[in-house]
Amino acid sequence: MQKIKGEVMNLEIILQLAVLALVVAAGPLVIGLLAARRGNL
1369 MQKIKGEVMN LEIILQLAVL ALVVAAGPLV IGLLAARRGN L
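Counting the sequence shown from 1 gives a position; the working numbering is that position plus 1368.
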């Protein structure tokens, strides 16, 4: 049971890091898309 619990904890940490990475990557991407769209208009 202890090993499974540890793996679940690791999975949660990995998921949190993945979400954080997505947010960090999406920020500049969204700004870039908005700037490009504004430039086209």
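By construction, the Cβ of each residue, glycine as well, lies at the ideal position given by its N, Cα and C atoms.
All figures in this text were calculated on a predicted structure; none of them were measured in a lab.
Within the model, the alpha-carbon separation for L1383 versus V1376 is close to 10 Å. L1390 and N1408 have their alpha carbons spaced roughly 26 Å apart. Just so you know, the alpha carbons of R1405 and A1393 end up roughly 19 Å apart. Distance between I1372 and E1380, taken at the CA atoms: about 12 Å.
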